[in-house]
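Engineer: Below you will find the structure I want to go over with you.
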Ligand code: UGA
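Residue numbers (this note's numbering): 16 to 444.
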C-alpha cells in the first residue's frame, strides 16, 4: 500500500513516523519546500520534538522525503497535514490546502484523502464535491507541540469523519494498535469531526481564560489562585489540566482556531459568547501583567529587565503568538532595556530577528546580570528552581515578576515576588 503525507510540519511528520513504526513500507513524505526536504534528508529537524526526531532518525532509510510531484502518483491514500493559518479577517487561509488538493487530483484518478489539518466545518464536503472520485475522510489531529509523536501514537481518542463504512474501516486498519489497546474510536460525519476539533481546542482555551479571569478576582479578594485551582481540579469533572493561571495562551492553534470558529459562527449567524470572551480575556492578560510591572516601576525608562522564556510555551522553539512578543513590545515602548533568554536557540534567534535592540543571552545567568528585575514568561523547568543567593549575586535589583506562578509565595526572602492571582509578597530580609 502506498501512502503519501503532504505537509511536513510536526503534524505531518508525526503522521509519517507513526505509519512507518506501524509497519507501513511505502510512505512518501511530501512538502513543496525543497529546503525543508533537504534538511530532513540530512537528518536535521529544526524544532524541539525529541521523541518525534528520534523516531524519524531511526526510520530515515524507510521514508522517502520528496518535493517532486512524480513521487506522489497513484497512492492508496493521501494524508493532508498542511498549515491553515489565519487571514487578517480571522478566516482560515486554505491556500496550502487548495494546492495540496490540486496536486492530489493530478496525481491520482481516485483514492482517499485524509484530512489531518484543522479546517473550517464544511471543507471535507467541498473537497468531495470537487473530486467526486475520491473519498474524503476527516481525521483531526490532537497533538500538542513538543509532544507530537507521543500524542499521535497514544491518543486519548480517534475521531473519524466519513460517509462510507469502508473509509472508517480503512482508518481502523491503519490504527490497529489503538483498536487493540482499547483507545476509543468515534465515527461520525465529516462536519462533526471537523467541529469536534475546534470545539475541543476552544474548550481548552476557555479553561485557561476562565482561570486567568478568576485569578484577577482571586487577587482582589486576597485568595491564592494556585490553591483555588488545586481545590477545583480535584473534582474529576473539572480536572487539573489547562487550569494554570499565567500570561495567557499563545501558539499556532488556540488563537487561530478561536478566530476561525468565531468566523464560522458569524457566517452561520450563530452568536457565540464564550469563545468571544475567551479570546478577549486572553488578549488582555499580558497587559494585565504589564500593569503590575508598571505599578512597581511607574517609570520604566532605562530600567534593565530580563525576559525568561520566549517561545509560546515551555519545551518548544515556536514564537507564534508568544506572550514574550507582547510583553517585549509593551516594555520597550515604555523605555525599558531588555535582555532575554530561552533554552531554545531557534527561539532566541527568531526573537533576535524581531528585536535587534534586545540582548539575547545563552544562559539565564547572563540575561540576569545587572538587571533591576526579571519576568518569568514561560514555565520552563530551569526557571522553577532558581537559587535565591545566586540571584542576589547576579541582579542589581530585588524584584521578581513571575508570569507562571512557578514558586510558592514563601520561597523568596530577599526579593519582592509578584505573581498572578496571588498577593505580591514583600521581602522578609
Ligand atoms: C493545542 C492543544 O493542547 C492540542 O490538543 C491541539 O492538538 C493543538 O493545540 C492543535 O490544535 O494542534 P499546543 O498549542 O501545542 O496544543 O499547546 P498547549 O500545550 O495546549 O498550550 C497552549 C498555550 O496555553 C500555551 O501558550 C501554554 O502556555 C498555555 N497554557 C496551557 C496555559 O496558560 N495554562 C495551562 O494550564 C495550559
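Glycine residues also receive a C-beta, built at the ideal position from the N, C-alpha and C atoms.
Hey, is the region 247–266 in contact with the region 326–334, meaning 3+ C-beta pairs nearer than 8 Å?
Structural biologist: yes
Engineer: Provide the residue span of the beta strand (DSSP E) that contains residue 41, from first to last.
Structural biologist: 41–45
Engineer: Taking the alpha carbon of residue 349 as the reference point, which residue from 318, 378 and 324 has its own alpha carbon closest?
Structural biologist: 318
Engineer: What does a CB cutoff of less than 7 Å around residue 254 pick up in its chain, not counting 5 residues either side in sequence?
Structural biologist: 248
Engineer: Cβ-heavy atom distance between residue 160 and the ligand UGA below 7 Å?
Structural biologist: yes
Engineer: Are there any heavy atoms of the ligand UGA lying less than 7 Å away from the beta-carbon of residue 265, as far as the coordinates show?
Structural biologist: yes
Engineer: Check whether the Cβ of residue 156 sits closer than 7 Å to any heavy atom of the ligand UGA, and report yes or no.
Structural biologist: yes
Engineer: Roughly how many angstroms separate the alpha carbons of residue 205 and residue 155, rounded to a whole number?
Structural biologist: Approximately 10 Å, taken between the alpha carbons.
Engineer: Less than 8 Å between the beta carbons of residue 308 and residue 228, yes or no?
Structural biologist: no
Engineer: Quick one: residues in its chain with C-beta nearer than 6 Å to the C-beta of residue 168, no 5 flanking neighbours on either side, listed in chain order?
Structural biologist: 33
Engineer: From the DSSP output, read off the bridge partner residues of residue 243.
Structural biologist: In the DSSP output, where bridge partners are listed per residue, residue 243 has none listed.
Engineer: Kindly indicate which three-state DSSP category residue 457 falls into: helix, strand or coil?
Structural biologist: Look at the range of the chain in this structure, 16 to 444, and you will see that residue 457 is not part of it.
Engineer: May I ask whether a heavy atom of the ligand UGA can be found less than 7 Å away from the beta carbon of residue 272?
Structural biologist: yes
Engineer: Quick check: the region 65–83 against the region 101–120, are there 3 or more CB pairs under 8 Å?
Structural biologist: Short answer: they don't touch.
Engineer: How about residue 376: is its Cβ closer than 7 Å to a heavy atom in the ligand UGA?
Structural biologist: No, the beta carbon of residue 376 sits no closer than 7 Å to any heavy atom of the ligand UGA.
Engineer: Could you check whether the region 386–406 touches the region 421–438, counting it as contact only if at least three pairs of C-beta atoms, one from each stretch, sit closer than 8 Å?
Structural biologist: yes
Engineer: Alpha carbon to alpha carbon, how far is residue 243 from residue 194? Give it in angstroms, no decimals.
Structural biologist: 38 Å
Engineer: Which of the three DSSP states, helix, strand or coil, is assigned to residue 322?
Structural biologist: strand
Engineer: Between the region 178–193 and the region 155–164, can you find at least three pairs of beta-carbon atoms closer than 8 Å?
Structural biologist: no
Engineer: How would you label residue 328, buried or exposed, when you count the other beta carbons within 10 angstroms and need 16 or more for buried?
Structural biologist: Taking a 10 Å sphere around the C-beta of residue 328, we find 16 or more other C-beta atoms and assign the residue as buried.
Engineer: Kindly indicate which three-state DSSP category residue 163 falls into: helix, strand or coil?
Structural biologist: helix
Engineer: Can the beta-carbon of residue 415 be found less than 8 Å from the beta-carbon of residue 389?
Structural biologist: yes
Engineer: With 16 as the cutoff for other CB atoms within 10 Å, does residue 363 come out buried or exposed?
Structural biologist: buried
Engineer: On the DSSP bridge list, what partners appear for residue 127?
Structural biologist: 92 and 150
Engineer: Whose CA, out of 142, 139, 345 and 441, lies closest to the CA of residue 428?
Structural biologist: 441
Engineer: Between residue 258 and the ligand UGA, is there a pair consisting of the residue's CB and a ligand heavy atom that are separated by less than 7 Å?
Structural biologist: yes
Engineer: Residue 438 and residue 431: beta carbons closer than 8 Å?
Structural biologist: no
Engineer: With respect to 7 Å, is the separation between the Cβ of residue 261 and the closest non-hydrogen atom of the ligand UGA below this value?
Structural biologist: Checking the Cβ of residue 261 against the ligand UGA gives yes.
Engineer: Measure the alpha-carbon distance for residue 47 versus residue 434 and round it to whole angstroms.
Structural biologist: C-alpha of residue 47 to C-alpha of residue 434: approximately 45 Å in a straight line.
Engineer: Quick one: is the Cβ of residue 133 within less than 7 Å of any heavy atom of the ligand UGA?
Structural biologist: yes
Engineer: Counting Cβ pairs closer than 8 Å, one from the region 214–229 and one from the region 375–388, do we hit at least three?
Structural biologist: no
Engineer: Can you list, in chain order, the residues of its chain with a C-beta nearer than 7 Å to that of residue 311? Leave out the 5 residues immediately preceding and following it.
Structural biologist: 414 and 433
Engineer: Any chance you could list the beta strand (DSSP E) runs of at least 3 consecutive residues sitting entirely within the region 50–126, in chain order?
Structural biologist: 78–81 and 92–95
Engineer: Kindly indicate which three-state DSSP category residue 38 falls into: helix, strand or coil?
Structural biologist: In the three-state reduction of the DSSP assignment, residue 38 falls in the coil class, being assigned neither a helical nor a strand state.
Engineer: For the ligand UGA, is there a heavy atom less than 7 Å away from the beta-carbon of residue 62?
Structural biologist: no
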